[in-house]
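Chains as they are written, first to last, in numbering that gives the first Met the number 0: chain A, 0 to 337; chain B, 0 to 337. A virtual CB, placed ideally from N, CA and C, is assigned to each residue, including glycine. Structure record follows, encoded as structure tokens.
There are 2 protein chains.
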Amino acid sequence: MLSERRLKVLRAIVQDYVGTEEPVGSKALTERHNLGVSPATVRNDMAALEDEGFIAQPHTSAGRIPTDKGYRLFVDKLAGVKPMTAPERRAIQSFLEGAVDLDDVVARTVRLLAQLTRQVAVVQYPSLTRSTVRHVELLSLAPARLMLVLITDTGRVEQRMVDCPAPFGESSLADLRARLNSRVAGRRFSDVPSLVEDLPEAFEAEDRGTVSTVLSTLLETLVEENEERLMIGGTANLTRFGHDFPLVIRPVLEALEEQVVLLKLLGEAKDPGVTVRIGHENAHEGLNSTSVVSVGYGSGGEAVAKLGVVGPTRMDYPGTMGAVRAVARYVGQILAES
Amino acid sequence: MLSERRLKVLRAIVQDYVGTEEPVGSKALTERHNLGVSPATVRNDMAALEDEGFIAQPHTSAGRIPTDKGYRLFVDKLAGVKPMTAPERRAIQSFLEGAVDLDDVVARTVRLLAQLTRQVAVVQYPSLTRSTVRHVELLSLAPARLMLVLITDTGRVEQRMVDCPAPFGESSLADLRARLNSRVAGRRFSDVPSLVEDLPEAFEAEDRGTVSTVLSTLLETLVEENEERLMIGGTANLTRFGHDFPLVIRPVLEALEEQVVLLKLLGEAKDPGVTVRIGHENAHEGLNSTSVVSVGYGSGGEAVAKLGVVGPTRMDYPGTMGAVRAVARYVGQILAES
DNA sequence: GTCTGGCACTCGCACACGCAGAGTGCCAGG
DNA sequence: CCTGGCACTCTGCGTGTGCGAGTGCCAGAC
Chain A
0 MLSERRLKVL RAIVQDYVGT EEPVGSKALT ERHNLGVSPA TVRNDMAALE DEGFIAQPHT
60 SAGRIPTDKG YRLFVDKLAG VKPMTAPERR AIQSFLEGAV DLDDVVARTV RLLAQLTRQV
120 AVVQYPSLTR STVRHVELLS LAPARLMLVL ITDTGRVEQR MVDCPAPFGE SSLADLRARL
180 NSRVAGRRFS DVPSLVEDLP EAFEAEDRGT VSTVLSTLLE TLVEENEERL MIGGTANLTR
240 FGHDFPLVIR PVLEALEEQV VLLKLLGEAK DPGVTVRIGH ENAHEGLNST SVVSVGYGSG
300 GEAVAKLGVV GPTRMDYPGT MGAVRAVARY VGQILAES
Chain B
0 MLSERRLKVL RAIVQDYVGT EEPVGSKALT ERHNLGVSPA TVRNDMAALE DEGFIAQPHT
60 SAGRIPTDKG YRLFVDKLAG VKPMTAPERR AIQSFLEGAV DLDDVVARTV RLLAQLTRQV
120 AVVQYPSLTR STVRHVELLS LAPARLMLVL ITDTGRVEQR MVDCPAPFGE SSLADLRARL
180 NSRVAGRRFS DVPSLVEDLP EAFEAEDRGT VSTVLSTLLE TLVEENEERL MIGGTANLTR
240 FGHDFPLVIR PVLEALEEQV VLLKLLGEAK DPGVTVRIGH ENAHEGLNST SVVSVGYGSG
300 GEAVAKLGVV GPTRMDYPGT MGAVRAVARY VGQILAES
């Protein structure tokens, strides 16, 4: 077990390194933090921390930098979440309040997060699978062609074309529309399949084919996981990454373009609060030199999607976690209101 | 006026520089292109080209690189558009054919363009202002709250909440829906305002307020220029930009995040064919070291939106122009079919 | 007139060298 | 267990030098 002072040393190293981006040595440490001991003592502590794998030196006779494991300890034990100041909160709120629709909410959230954290922001659209149906609309485009429009409680709209096996009359259409809505409106997506199962039976034989087609299209839309979309922003902040540029940011940019990767990344974080994944804790190789700070957000009490930021492992964890948490909270409020 | 051979020299310089990314000297030129003259002669030609401002040397006694003006001449006079090969065309087509909805078409187009050109791809969503209305749907969410859904011929769906000044009955709603659609379905957006102008008069006094509100919301949606969206991709290709990294790509990334900037950029290109804007021809400062190759595309004969790529001024113009043109053509086809 | 070969010149780049500064590990003493 | 001291090891930086690529110009050939 590490002594109290060694933990303090680790914390000081992380803080200094995050601030200066340069390996920190024993002398600088004692000067900037009043640890009450001499550099030599700190050196011993550092040697111990290095043995345990919390810090490392890039080259012999250079200062130390934290390892992923060191950051992990720092995040878990040594640092809290830095809450936003009152002016910051007000700024967040007023920035988000101007949004006119869901796209706009997401877009503003991305910009906001990117600006606050000066990192790359990722915001997942409120997920279909966990939200509820507000309305299902059916439009007749041609005798045997319908358009299915699904509206969710988060304001998201999905539409699909449906080619009917047989022409479908206006009255049947109105009937189906009414029945469908009375059953599924306000219900959770996951409940929909069982709720509409027996619906075709209520129709004439000639219409059943079409009804079934409509229903299966609806179900497809609901479960279509890969339709989960997200928006990213603040990629210009990657240029702040470090000095050894191209090699580091290339894979990051590539990973960011693979939405599947990002969705998986966000999805893996099961923690109800703010989740931090540091360096190699991220499964994707291109993100091995980054940390991902994410959190769920939702319109009601429950989380329906994730948002977060991607930045260098050398980041201001307390500040970033505070910003991410605050933004998630306010986005939730905005979504609940609309 | 420049002699024929001098133009050939310029062309050779551009081609070599694009290939090698290094300043090209007189000796290398005569070796790689059979110009039929000696290096000394080429040197004289190069001096002339430099006097005219088509090429420049980064440092005394280094080779020459083309200037923006040089690239301009190259694009205008010296190079054609390199058509795609048959296999490439097939690949484009089959890649785009799998798309399920408009978002997917745009997303696939972006990926495709980025891969083909190895540059940053930008695709504007089919613009509202030039397309036609397929259907307008009105849903009652609460006694005095409606949702307006607008579906365009390009498959785009826009929705807006409408708060009514007074409760609005189901029958009035059905009436309004029917009247609205009979007037505007299939019409161009620009014609809609005059077509619905007198619509409130057909309703009872108590409903007129709501009808007017709905109409103004509809018109707002139609003209809302800033709702023009676009998708970008292939930003990882920026890492191929050059050696002097951060300084160059930082402003480019920033410009790419400003959708307004990009939309203006695409909008400025009035040419019906492929438009190329080189270096300082781009108004935005951050893009002064990039070239933008863009073209309009559309579902019918007419262009409804733009797409293009952003890359270093040192790019393969014929190939890029070919790829952009080909992709635009096939996207147009796909949109027309759906 | 135009092209060519030759020649002297200019730079940028890569490499070696040396030096200062920061940081370390270790040890003996408080 | 902490501290001061000491010898050692690196990195980074500035300087100097040689090499090679490329240029401009000029006199002569076609």
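When C-beta distances to chain A are compared with 8 Å, the residues of the region 126-154 of chain B below that value are 133, 134, 136, 138, 140, 146, 148, 150, 154, in chain order.
Across the set A:237, A:172, A:276, A:139, the C-alpha of A:237 shows the shortest separation from the C-alpha of residue 256 of chain B. With contacts defined as CB atoms closer than 8 Å, residue 212 of chain B and residue 161 of chain B qualify as a contacting pair. Close to residue 158 of chain A, with beta-carbon spacing below 8 Å, are these residues of chain B in chain order: 100, 150, 154, 156. Residue-level contact by beta carbon holds for residue 235 of chain B and chain A, with a gap shorter than 8 Å. The C-beta distance from residue 334 of chain B to residue 104 of chain B rounds to 7 Å, short enough to fall under 8 Å. In this model, residue 152 of chain A and residue 327 of chain A are separated by some 18 Å (Cα to Cα). At a cut-off of 8 Å between beta-carbon atoms, residue 97 of chain B makes no contact with chain A. Residue 296 of chain A: member of the beta strand (DSSP E) spanning 289-296, first to last residue. Residue environment: residue 270 of chain B is assigned as exposed (fewer than 16 neighbouring CB atoms within 10 Å of its CB, all protein chains considered).
By alpha-carbon distance to residue 234 of chain B, the top candidate from B:308, B:94, B:276, B:58 is B:308. Here residue 155 of chain B really is in contact with residue 101 of chain B; their C-beta atoms are around 6 Å apart, less than 8 Å. Per DSSP, residue 81 of chain B lies in no beta strand (DSSP E) and is assigned neither H nor E. By the C-beta density criterion, residue 89 of chain B is exposed, having fewer than 16 other C-beta atoms within 10 angstroms. Assigned with DSSP and collapsed to three states, residue 136 of chain A falls in strand. The beta carbon of residue 278 of chain B does not come within 8 Å of any beta carbon belonging to chain A, so the residue lies off that interface.
Residues of the same chain with a CB within less than 7 Å of the CB of residue 192 of chain B, apart from the 5 flanking positions on each side, are 218 in chain order. Under the 8 Å criterion on CB atoms, residue 79 of chain A is classed as non-interfacial with respect to chain B. Among the CB atoms of chain A, none fall inside 8 Å of the CB of residue 310 of chain B. Under a criterion of Cβ atoms nearer than 8 Å, the residues of chain A adjacent to residue 232 of chain B are, in order, 256. Beta-bridge partners of residue 65 of chain B (DSSP): B:54. If you draw a straight line from the Cα of residue 194 of chain A to the Cα of residue 183 of chain A, it comes to about 7 Å.
Taking 8 Å as the cut-off, the beta carbon of residue 14 of chain B is found no closer than this to the beta carbon of residue 314 of chain B. Looking only at B:80, B:9, B:19, the smallest Cα-Cα distance to residue 70 of chain B is reached by B:9.
For a cut-off of 8 Å, the C-beta gap from residue 123 of chain A to residue 265 of chain A is around 6 Å, short enough to register as a contact.
Bridge pairing for residue 304 of chain A: A:296 [DSSP]. Nearest to residue 196 of chain B by C-alpha distance, out of B:181, B:186, B:214, is B:214. Listed in chain order, the positions of the region 191-222 of chain B with a beta carbon within less than 9 Å of a beta carbon of chain A would be empty, since no residue qualifies.
In the DSSP assignment, residue 147 of chain B forms a beta bridge with B:137, B:159. Proximity to residue 2 of chain B across B:25, B:32, B:45 peaks at B:45, based on C-alpha coordinates. For residue 260 of chain B, there is no enclosing beta strand (DSSP E); the residue is part of the alpha helix (DSSP H) that begins and ends at 258-267. Listed in chain order, the non-local C-beta contacts of residue 165 of chain A below 8 Å within the same chain comprise 143, 205, 206, 208, 209, local neighbours out to five positions each way being set aside. If you draw a straight line from the Cα of residue 303 of chain B to the Cα of residue 126 of chain B, it comes to about 6 Å.
Residue environment for residue 57 of chain A: exposed (fewer than 16 other C-beta atoms within 10 angstroms of its C-beta). DSSP places residue 274 of chain A inside the beta strand (DSSP E), whose first and last residues are 274-277. Taking all protein chains shown into account, residue 52 of chain B has fewer than 16 neighbouring C-beta atoms within 10 Å of its C-beta and is therefore exposed.
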